[in-house]
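Visitor: Residue numbers (my numbering): 42 to 202.
Even glycine gets a Cβ: it sits at the ideal position worked out from N, Cα and C.
One structure coming up, written as structure tokens, with questions to follow.
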Amino acid sequence: MRLPLMALCLATVLLPGLSLAHEVRQVHLRVAHPFATPTPPGAPHGAAYLDISIDEDGETATLVGASTPMSQGVELHDMRLDEGTMRMRKLDEIVIEPGETVTLRPGGGPHLMLLGLTSTLSEGDTFPLMLEFAEREAVEVEVRVQEANAGIEAADGHHDH
Ligand SMILES: [Cu+2]
């Protein structure tokens, strides 16, 4: 009689977590084309890019942070032209409204800054990146290291293959 009871307790403890993890993939959120640009050996920082979409019938998502084993920290950044100079500033969050796609790309605008790289980002490498949202469970994506131009083209061509 003791064993089945224990199994039952375990099940009730584990199930809520399992169902939550399941929901993440069912919520109307899509992360596409995650990539990072290669860094020279010894470079302190790197950057990662991706698309985040929310379906029309989904709910607003707020990206509040990210993490990866490749760097000590990840910050949400924005890069803008300010009186002729490109300047980066830290963002507290990136909001994605229903029906909207937020596109992070090299060359300007929002991006994910990998601060304190633990290893060089070499072309062809892949690494995990955890995206943290205010309203939902974190989403893990696999980031591919590609040249900035190859990244955009590969990202765009991804659907055709
Ligand atoms: Cu930055």
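#1: Secondary structure at A179, three-state DSSP: helix, strand or coil?
#2: Span of the beta strand (DSSP E) holding H74?
#3: Report the three-state DSSP secondary structure of A189 (helix, strand or coil).
#4: When you get a sec, list the residues whose CB is within less than 5 Å of any heavy atom of ligand 1, chain order please.
#5: Cα-Cα, which of A73, R71, T101, A84 is closest to T159?
#6: Using only alpha-carbon positions, find the residue among A102, V143, S94 that is nearest to A3.
#7: Do V186 and V72 count as a contact pair if the criterion is CB distance below 9 Å?
#8: Could you spell out where the beta strand (DSSP E) holding P127 opens and where it closes?
#9: Among residues of its own chain, excluding the 5 on either side of I137, which ones have a beta-carbon nearer than 6 Å to its beta-carbon?
#10: Starting from the Cα of D133, find the closest Cα among M111, M154, H69, N190 and give me that residue.
#11: If distances are taken between C-alpha atoms only, which option among E100, I135, R128, E124 comes closest to L117?
#12: Can you tell me which of the three DSSP states P110 falls into?
#13: Use the C-beta contact count for L122: other C-beta atoms within 10 angstroms, 16 or more gives buried, fewer gives exposed.
Guide: The structure says:
#1: coil
#2: 70-77
#3: If DSSP states are grouped into helix, strand and coil, A189 belongs with the helices.
#4: H118, M129, M154
#5: The candidate whose alpha carbon is nearest that of T159 is A84.
#6: Since the displayed the chain opens at 42 and closes at 202, residue 3 lies outside it and no answer follows.
#7: no
#8: First, the amino acid is wrong: residue 127 is Met here, not Pro. Element bounds for M127: 126-132.
#9: I93, I95, A102, V143
#10: Of the residues M111, M154, H69, N190, the one whose Cα lies closest to the Cα of D133 is M154.
#11: I135
#12: coil
#13: exposed
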